[in-house]
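Below is one structure; the comments refer to it alone.
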Amino acid sequence: MNITCTINGKQAVYQVSSDMPLLDLLIDNAHITSLRPGCRKGHCGSCIVLIDDRPALSCLVPVFDIRGRDIITFERFQRTRDSTDIRKGFEQAEAVPCSYCYPSKTLITHGIISRNVNPEPDEILAAFALHACTCLEPDQVVRGVLQAGSYRGRRRKYARSK
Ligand code: FES
Ligand code: FES
Numbered sequence: 304m305n306i307t308c309t310i311n312g313k314q315a316v317y318q319v320s321s322d323m324p325l326l327d328l329l330i331d332n333a334h335i336t337s338l339r340p341g342c343r344k345g346h347c348g349s350c351i352v353l354i355d356d357r358p359a360l361s362c363l364v365p366v367f368d369i370r371g372r373d374i375i376t377f378e379r380f381q382r383t384r385d386s387t388d389i390r391k392g393f394e395q396a397e398a399v400p401c402s403y404c405y406p407s408k409t410l411i412t413h414g415i416i417s418r419n420v421n422p423e424p425d426e427i428l429a430a431f432a433l434h435a436c437t438c439l440e441p442d443q444v445v446r447g448v449l450q451a452g453s454y455r456g457r458r459r460k461y462a463r464s465k
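Per the numbering used here: the sequence shown ends with 465, consecutive numbering throughout.
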């Protein structure tokens, strides 16, 4: 089957089998290198991408579901100012994830603060369940996301005032 979608700003048509997950299209057809699939079953959280600006586990998304949709991977996202807000927030809160999960946790954080720059701790921890680990304490995760939200909020406010 043919699937037309936009990956990292480039629209293309991909010829894929109908039972393929988005993860495989990204790696095999679009040659994305930031994804590190560990389980391919929705458990490890290391295959997260943004679909229409929301984080999703690409190993669980069938390709027929991405027709006409906008997919952003960490390669592209890390070059944005939105990504800088999150990096600064993690650093300020001393809650920087390890390099293995940094891409996924950055995209999860974006999914939270792009809708609400001051989310509730429960909301943050529920979203982080997509890529749970025990390296960071829950309060570190919450502080990191809130600090990122604070940077994002200040930047938006500044942009509106100009
Ligand atoms: S590869 Fe593990 S959740 Fe997708
Ligand atoms: S696996 Fe990366 S911070 Fe825990």
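Cβ atoms here follow ideal geometry from the backbone N, Cα and C, with glycine treated the same way.
Being a predicted model, the structure only gives us computed values, none of them experimental.
Spatial distance of residue i from residue j (CA atoms)
i: Tyr349; j: Val444; result: Per the sequence shown, the amino acid found at residue 349 is Ser instead of Tyr. Spanning the two alpha carbons is a distance of roughly 17 Å.
i: Ala472; j: Ala359; result: Here the chain has residues from 304 to 465 only, and residue 472 is not among them.
i: Arg446; j: Tyr317; result: 41 Å
Simplified DSSP state of residue i, which is helix, strand or coil
i: Asp327; result: helix
i: Pro424; result: helix
i: Asp368; result: helix
i: Pro358; result: strand
Cβ-Cβ distance between residue i and residue j below 8 Å
i: Leu328; j: Leu338; result: no
i: Asn311; j: Ile375; result: yes
i: Arg372; j: Asp355; result: yes
i: Ala430; j: Ile416; result: no
i: Val420; j: Ser453; result: yes
Proximity test, residue i beta-carbon vs ligand 1 heavy atom, cut-off 7 Å
i: His346; result: yes
i: Ser337; result: no
i: Arg248; result: Absent from the model: residue 248. The displayed extent of the chain is 304 to 465, so no value can be given.
i: Leu328; result: no
i: Leu360; result: yes
i: Cys350; result: yes
i: Pro441; result: no
Residue-chain proximity (residue i, chain B), Cβ-Cβ < 8 Å
i: Arg339; result: Here there is only one protein chain, and chain B is not present.
In DSSP terms, what residue i is bridged to
i: Thr309; result: Gln314, Asp373
Fill in: Residues near ligand 3, criterion Cβ-heavy atom distance below 6 Å
Because ligand 3 does not appear in the structure shown, any question about it cannot be addressed here, the ligands present being ligand 1 and ligand 2.
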